[in-house]
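2 protein chains.
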Amino acid sequence: MPQPIFDLLKTSSESAARRGRLRLAHAEVETPVFMPVGTQGTVKALSQQELWEMGFRLILGNTYHLHLRPGEELIRRAGGLHGFIGWEGGILTDSGGFQVFSLEDLRKITEEGVMFRSHIDGSQHFFSPESVMDVQFALGSDIIMAFDECAPHPSTHDYTVAAMDRTHRWAKRCQDHWQQRRDAEPNLYGELFGIVQGGAYLDLRTRSANAVAELDFPGNAIGGVSVGEPKETMFEVIEHTTPLLPTDKPRYLMGVGTPVDLLDAVRAGIDMFDCVIPSRLGRNGSAYTSIGRINIKNARYTDDFGPVDPNCEEWCCRNYSAAYIRHLYKCDEIMAARILSYHNVSFYGRLMEGIRKSIEEDRFLQFHREFLARYEQEDDKNA
Amino acid sequence: MPQPIFDLLKTSSESAARRGRLRLAHAEVETPVFMPVGTQGTVKALSQQELWEMGFRLILGNTYHLHLRPGEELIRRAGGLHGFIGWEGGILTDSGGFQVFSLEDLRKITEEGVMFRSHIDGSQHFFSPESVMDVQFALGSDIIMAFDECAPHPSTHDYTVAAMDRTHRWAKRCQDHWQQRRDAEPNLYGELFGIVQGGAYLDLRTRSANAVAELDFPGNAIGGVSVGEPKETMFEVIEHTTPLLPTDKPRYLMGVGTPVDLLDAVRAGIDMFDCVIPSRLGRNGSAYTSIGRINIKNARYTDDFGPVDPNCEEWCCRNYSAAYIRHLYKCDEIMAARILSYHNVSFYGRLMEGIRKSIEEDRFLQFHREFLARYEQEDDKNA
Numbered sequence: 138m139p140q141p142i143f144d145l146l147k148t149s150s151e152s153a154a155r156r157g158r159l160r161l162a163h164a165e166v167e168t169p170v171f172m173p174v175g176t177q178g179t180v181k182a183l184s185q186q187e188l189w190e191m192g193f194r195l196i197l198g199n200t201y202h203l204h205l206r207p208g209e210e211l212i213r214r215a216g217g218l219h220g221f222i223g224w225e226g227g228i229l230t231d232s233g234g235f236q237v238f239s240l241e242d243l244r245k246i247t248e249e250g251v252m253f254r255s256h257i258d259g260s261q262h263f264f265s266p267e268s269v270m271d272v273q274f275a276l277g278s279d280i281i282m283a284f285d286e287c288a289p290h291p292s293t294h295d296y297t298v299a300a301m302d303r304t305h306r307w308a309k310r311c312q313d314h315w316q317q318r319r320d321a322e323p324n325l326y327g328e329l330f331g332i333v334q335g336g337a338y339l340d341l342r343t344r345s346a347n348a349v350a351e352l353d354f355p356g357n358a359i360g361g362v363s364v365g366e367p368k369e370t371m372f373e374v375i376e377h378t379t380p381l382l383p384t385d386k387p388r389y390l391m392g393v394g395t396p397v398d399l400l401d402a403v404r405a406g407i408d409m410f411d412c413v414i415p416s417r418l419g420r421n422g423s424a425y426t427s428i429g430r431i432n433i434k435n436a437r438y439t440d441d442f443g444p445v446d447p448n449c450e451e452w453c454c455r456n457y458s459a460a461y462i463r464h465l466y467k468c469d470e471i472m473a474a475r476i477l478s479y480h481n482v483s484f485y486g487r488l489m490e491g492i493r494k495s496i497e498e499d500r501f502l503q504f505h506r507e508f509l510a511r512y513e514q515e516d517d518k519n520a
Numbered sequence: 138m139p140q141p142i143f144d145l146l147k148t149s150s151e152s153a154a155r156r157g158r159l160r161l162a163h164a165e166v167e168t169p170v171f172m173p174v175g176t177q178g179t180v181k182a183l184s185q186q187e188l189w190e191m192g193f194r195l196i197l198g199n200t201y202h203l204h205l206r207p208g209e210e211l212i213r214r215a216g217g218l219h220g221f222i223g224w225e226g227g228i229l230t231d232s233g234g235f236q237v238f239s240l241e242d243l244r245k246i247t248e249e250g251v252m253f254r255s256h257i258d259g260s261q262h263f264f265s266p267e268s269v270m271d272v273q274f275a276l277g278s279d280i281i282m283a284f285d286e287c288a289p290h291p292s293t294h295d296y297t298v299a300a301m302d303r304t305h306r307w308a309k310r311c312q313d314h315w316q317q318r319r320d321a322e323p324n325l326y327g328e329l330f331g332i333v334q335g336g337a338y339l340d341l342r343t344r345s346a347n348a349v350a351e352l353d354f355p356g357n358a359i360g361g362v363s364v365g366e367p368k369e370t371m372f373e374v375i376e377h378t379t380p381l382l383p384t385d386k387p388r389y390l391m392g393v394g395t396p397v398d399l400l401d402a403v404r405a406g407i408d409m410f411d412c413v414i415p416s417r418l419g420r421n422g423s424a425y426t427s428i429g430r431i432n433i434k435n436a437r438y439t440d441d442f443g444p445v446d447p448n449c450e451e452w453c454c455r456n457y458s459a460a461y462i463r464h465l466y467k468c469d470e471i472m473a474a475r476i477l478s479y480h481n482v483s484f485y486g487r488l489m490e491g492i493r494k495s496i497e498e499d500r501f502l503q504f505h506r507e508f509l510a511r512y513e514q515e516d517d518k519n520a
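One line per chain: the protein sequences are A and B, in this order. All letters in the first sequence, in the order written, are residues 138 to 520 by the working numbering. All letters in the second sequence, in the order written, are residues 138 to 520 by the working numbering.
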């Protein structure tokens, strides 16, 4: 029996939205939570101090990227990823599965694992369920993800079954190896989460959710969504799968999504999210605001000396105007990426804060409705 | 008679080094001072809050760049450059002369001024002594620089004389126009500094220093140095020219230089400096340390989990190791540019602090010697 790491504090009376708390080696984390993505050991353009001051206590690192550069052995010697990057909060690492399977021409899958070539220098590497546990132990992650095969969309039912069954066998191997290492080394830490696959096939999602739940991980993730399928399909999968996952354990929706996606998925009972879009869009000149997404390149901001979002009281909007950020963006200045990344990532942080508060006060659906009513004034019109 | 804006607090008993204070519209500034360069209204990769916390109270903006993008009229409407970029300290703007004269094939000089084409879109613009005053008034600069012609190195004696004489005539026109605007508009502020030219010819430097001193500006600059001449020649010019400038007014050495240059020029009696190199080198992976300049790309830093400079107690070195910064640099992450720009610019700030303190305590030459003894352990060996 794993030690429980999750307290379910409250469930919304009108929806499946939940308010909880994760207890991890480096942090207590309030859920629902959004985790900024630090692919290569840095959330692009932001400092660890800035993430901390925005209130984040759990960030994500990418096993594939960190394995290639600078390598987990160097990171282990630096005191794990926490020591290497100087971050005192929690860290979740993915399993590298998603990246490795995206390499297409550069990888070969066997029952044992995946042989792949680095996208950087073509060097050959091998990931197995066991090696991926070892990499993540070396990184010192608070949450370790099982090695899964994420089938592309669309895939045939047959291929999706094969990938899913392999994912289940690998999940068991991850768990066995994880347990063996933990039994042998009392100082090791890091909780192992399982991942549900099954593509867009709801029958397979049912099978996968049951198989993964059966393994009794301390937390469960839904993988293989937001991989090119229509948004409708994605939410069919989320709404179908989430209630099949144990209620007493955290549920993590991998790689999702927009602010509206987060609200919809929280309503379905999701507790954890990660996504690169707030920082990626920031680097590309888009800003999330309470009335929707805007694009700073738009000529209307040329002489807009007010903040990007009048409802944002963070560093970005207290100090810098839309006109100035637009100027920086057009001049290709690093500060444009810094300010808009800060703005968007903190927007996500505040959105999650609002969501948590609304669940505590049992008015989540009202919060959801009010957010959308404001947000859709602007969204997608010019971003 | 201009109002004095400079208090000469102390002169070194063993050298020409001086300790002073500038009184500007937005700031009191302790000298000798280094001004970080915010070419396009941003000191690359650094926030205004970071510059403030490093102790800087005077930064530089570039008239040429800001005239082209976003244009001085927009900046004036934003409350001047201070309002536009969100900076409460002082701002010095150059005259655009240096940039315009560097355009070579894109500009045409007449007695009236310079016609030039934008390096961005080829659009045609005209700078005259009068228009350059108007641009800098619109920017709301605390210190306005006269429009000068910076002759390239090497130039003939004849050409250098012609450029210098034109610079003197233009200085007078700048002063007349500046006075006229100030008389007409009581809310205008900004002190006008003259610029000495004369290339590498010491006879011309004497003539130019006398001519500029004669105009009785509240501050005087040495221009046309660090334009490709050997370092020896540069210091001949500095050591020859500086003592010819009025002792009761600040002396500004434009566009210089390395930490060692700053020390040598302070010894010659210079009070003010600006230079892009600390941030440019930072973006290129070089870091200034108390034992010399190092390059983070060097393999020896791969597993150096200590700070880049053990004598640096700033944000950069308190939080991030050489190994981590090297990893970020090799991954082309924005945080590498941020951390090393912060480190180098704050290194310059601390160097100036040390210089000021040593002059106060009349031990500047000892400070200079001790700095060099440490610094040359490493400098230029691998940077």
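For every residue, glycine included, the Cβ atom is placed at its ideal position computed from N, Cα and C. Since the structure is predicted, the reported quantities are computational estimates derived from the model, not experimental observations.
**Request:** Determine the closest residue to E267 of chain B out of B:Q185, B:M282, B:R158, with distance taken between C-alpha atoms.
**Result:** The residue labelled residue 267 of chain B in the question sits at position 130 within the second sequence. Out of B:Q185, B:M282, B:R158, B:M282 has the C-alpha closest to the C-alpha of E267 of chain B.
**Prompt:** Should H256 of chain A be labelled buried (16 or more other beta-carbon atoms within 10 Å of its own) or exposed?
**Reply:** If you number the first sequence from 1, residue 256 of chain A lands on position 119. So H256 of chain A ends up on the exposed side.
**Rounded straight-line distance, which links the Cα of D285 of chain B to that of E351 of chain B** = By one-based count along the second sequence, residue 351 of chain B stands at place 214. By one-based count along the second sequence, residue 285 of chain B stands at place 148. Straight-line Cα distance between these residues: approximately 16 angstroms.
**Message:** Taking 7 angstroms as the threshold (C-beta atoms), are M252 of chain A and F263 of chain A in contact?
**Reply:** The residue you call residue 263 of chain A lines up with position 126 of the first sequence. The residue you call residue 252 of chain A lines up with position 115 of the first sequence. Result yes, Cβ atoms of F263 of chain A and M252 of chain A sit closer than 7 angstroms.
**Asked** Are I471 of chain A and A474 of chain B touching if we call contact CB-CB under 7 angstroms?
**Response** Here residue 471 of chain A corresponds to residue number 334 of the first sequence, with the count starting at 1. Here residue 474 of chain B corresponds to residue number 337 of the second sequence, with the count starting at 1. Yes, these two residues count as a Cβ contact at 7 angstroms.
**Request:** Measuring only between beta-carbons, confirm whether S152 of chain A sits less than 7 angstroms from chain B.
**Result:** By 1-based counting over the first sequence, the position of residue 152 of chain A is 15. With 7 angstroms as the cut-off, S152 of chain A does not count as an interface residue toward chain B.
**Message:** Which of the three DSSP states is assigned to L325 of chain A in this structure?
**Reply:** Position 188 of the first sequence, counted from the first residue, corresponds to residue 325 of chain A. Here L325 of chain A sits in coil by DSSP.
**Item:** Nearest-angstrom Cβ-Cβ length linking F193 of chain B and G486 of chain B, presumed shorter than 8 angstroms
**Value:** Counted from its first residue, the second sequence places residue 193 of chain B at position 56. Counted from its first residue, the second sequence places residue 486 of chain B at position 349. The Cβ separation is near 6 angstroms, so the contact holds.
**Message:** Pull the bridge partners of A402 of chain A from the DSSP assignment, please.
**Reply:** By 1-based counting over the first sequence, the position of residue 402 of chain A is 265. Beta-bridge pairing links A402 of chain A to no other residue.
**Message:** Please confirm whether F221 of chain A has its beta-carbon closer than 7 angstroms to some beta-carbon of chain B.
**Reply:** Your numbering for residue 221 of chain A matches position 84 in the first sequence. Interface criterion met: the Cβ of F221 of chain A is under 7 angstroms from a Cβ in chain B.
**Request:** Check whether the Cβ atoms of V403 of chain A and I492 of chain A sit closer than 7 angstroms, and answer yes or no.
**Result:** Start at 1 with the first residue of the first sequence, and residue 403 of chain A comes out as number 266. Start at 1 with the first residue of the first sequence, and residue 492 of chain A comes out as number 355. Yes, Cβ-Cβ distance for V403 of chain A and I492 of chain A is below 7 angstroms.
**Asked** Does DSSP classify H256 of chain A as helix, strand or coil?
**Response** To locate residue 256 of chain A, count along the first sequence from 1; it is residue 119. Coil, per DSSP.
**Request:** Tell me whether T200 of chain A sits in a helix, a strand or coil according to DSSP, three-state version.
**Result:** The sequence position of residue 200 of chain A within the first sequence is 63, counting from 1. Note: T200 of chain A maps to helix in three-state DSSP.
**Request:** Identify the contact partners of A182 of chain B in chain A, using a Cβ-Cβ distance below 9 angstroms as the criterion.
**Result:** Reading the second sequence from its first residue, position 45 is the one you call residue 182 of chain B. Those within 9 angstroms of A182 of chain B in chain A are E470, I471, M472, R475.
**Asked** Just how far apart, CA to CA, sit Q185 of chain B and Q177 of chain A?
**Response** Translated into the one-based positions of the second sequence, residue 185 of chain B becomes position 48. Translated into the one-based positions of the first sequence, residue 177 of chain A becomes position 40. If you take the alpha carbons of Q185 of chain B and Q177 of chain A, they lie about 27 angstroms apart.
**Item:** CA-to-CA distance, R155 of chain A to M172 of chain B, given in whole angstroms
**Value:** Within the second sequence, the letter at position 35 stands for residue 172 of chain B. Within the first sequence, the letter at position 18 stands for residue 155 of chain A. One C-alpha to the other measures close to 53 angstroms.
**Message:** I need the straight-line Cα distance from S152 of chain A to K309 of chain A, nearest angstrom please.
**Reply:** Along the first sequence, read from residue 1 onward, the residue named residue 152 of chain A stands at position 15. Along the first sequence, read from residue 1 onward, the residue named residue 309 of chain A stands at position 172. Those two C-alpha atoms are separated by around 33 angstroms.
**Request:** May I ask which residues mark the beginning and end of the beta strand (DSSP E) holding G227 of chain A?
**Result:** Here residue 227 of chain A is taken as the residue at index 90 of the first sequence, counted from 1. It spans 227-230 - the beta strand (DSSP E) in which G227 of chain A sits, taken as one unbroken run.
**Request:** Whole angstroms is fine: what's the gap from T179 of chain B's alpha carbon to I280 of chain B's?
**Result:** What you label residue 179 of chain B is simply residue 42 of the second sequence in a count that begins at 1. What you label residue 280 of chain B is simply residue 143 of the second sequence in a count that begins at 1. C-alpha separation (whole angstroms): 17 angstroms.
**Message:** Within 8 angstroms, do at least three Cβ pairs link the region 269-277 of chain B to the region 340-349 of chain B?
**Reply:** Under the Cβ criterion (8 angstroms, minimum of three pairs), the region 340-349 of chain B does not count as touching the region 269-277 of chain B.
**Prompt:** Do the region 211-231 of chain B and the region 436-446 of chain A meet, that is, are 3 or more Cβ pairs less than 8 angstroms apart?
**Reply:** Enough Cβ pairs lie closer than 8 angstroms, so yes.
**Run of the beta strand (DSSP E) containing R388 of chain B, from where it starts to where it stops** = Position 251 of the second sequence, counting from 1, holds the residue named residue 388 of chain B. Its beta strand (DSSP E) spans residues 388-390.
**Prompt:** Mind pulling the chain B residues with CB within less than 9 angstroms of K467 of chain A?
**Reply:** For the purposes of this step, residue 467 of chain A is identified with residue 330 of the first sequence, where counting begins at 1. Within 9 angstroms Cβ-Cβ: R206, P207.
**Request:** State the beta-bridge partners of T426 of chain A as determined by DSSP.
**Result:** Position 289 of the first sequence, counting from 1, holds the residue named residue 426 of chain A. Answer is A:G429, bridged to T426 of chain A.
**Item:** Short Cβ contact (7 angstroms threshold) for G356 of chain B with Q334 of chain B
**Value:** Walking along the second sequence from the start, residue 356 of chain B turns up at place 219. Walking along the second sequence from the start, residue 334 of chain B turns up at place 197. No, these two residues do not count as a Cβ contact at 7 angstroms.
**Item:** Bridge-paired residues (DSSP) for G157 of chain A
**Value:** Here residue 157 of chain A refers to the residue found at position 20 when the first sequence is read from its first residue. Looking at the DSSP assignment, G157 of chain A forms a beta bridge with A:L145, A:T168.
**Item:** Residue-level contact to chain B via CB, M138 of chain A, 7 angstroms cutoff
**Value:** The residue given as residue 138 of chain A occupies position 1 in the first sequence. Only weak support is given to the placement of M138 of chain A: the predicted model assigns it a pLDDT of 49, under 50, and the question is left unresolved by the model.
**Close Cβ partners of E101 of chain B (< 8 angstroms) along its chain, the five nearest in sequence each way excluded** = Nothing about residue 101 of chain B can be read from this structure; chain B reaches only from 138 to 520.
**Message:** Please classify G327 of chain A as buried or exposed, where buried requires at least 16 neighbouring CB atoms within 10 angstroms.
**Reply:** Numbered from 1 along the first sequence, position 190 holds the residue referred to as residue 327 of chain A. Buried is the call here.
**Asked** Run through DSSP, which three-state label would A182 of chain A get?
**Response** Within the first sequence, residue 182 of chain A is the residue found at index 45, counting from 1. It is coil, neither helix nor strand.
**Entirely enclosed beta strand (DSSP E) segments - the region 324-364 of chain B, minimum 3 residues** = Along the region 324-364 of chain B, the beta strand (DSSP E) occurs as fully enclosed runs of 3 or more residues at 328-333, 356-359, listed in sequence order.
**Message:** Taking the straight line between their C-alpha atoms, what separation do you get for F330 of chain A and K147 of chain A?
**Reply:** As a working mapping, residue 330 of chain A is identified with position 193 in the first sequence. As a working mapping, residue 147 of chain A is identified with position 10 in the first sequence. Using only the alpha carbons, I get a separation of about 22 angstroms.
**Message:** Measuring only the C-alpha atoms, how far is P383 of chain A from G406 of chain A?
**Reply:** Translated into positions along the first sequence, residue 383 of chain A becomes position 246. Translated into positions along the first sequence, residue 406 of chain A becomes position 269. Taking C-alpha positions only, P383 of chain A is separated from G406 of chain A by approximately 11 angstroms.
**Beta-carbon neighbours of R214 of chain B, restricted to chain A and to distances below 7 angstroms** = The residue given as residue 214 of chain B occupies position 77 in the second sequence. Those are D440, listed as they occur along chain A.
**Request:** Provide the residue(s) that pair with V174 of chain B in DSSP beta bridges, ordered along the chain.
**Result:** As a working mapping, residue 174 of chain B is identified with position 37 in the second sequence. Answer by DSSP bridge pairing, in chain order: B:L197.
**Item:** CB contact flag (S483 of chain A, E451 of chain A, <7 angstroms)
**Value:** Residue numbering aside, residue 483 of chain A sits at position 346 when the first sequence is read from its first letter. Residue numbering aside, residue 451 of chain A sits at position 314 when the first sequence is read from its first letter. Inclusion of S483 of chain A and E451 of chain A in the CB contact set at 7 angstroms is warranted, their separation being smaller than that value.
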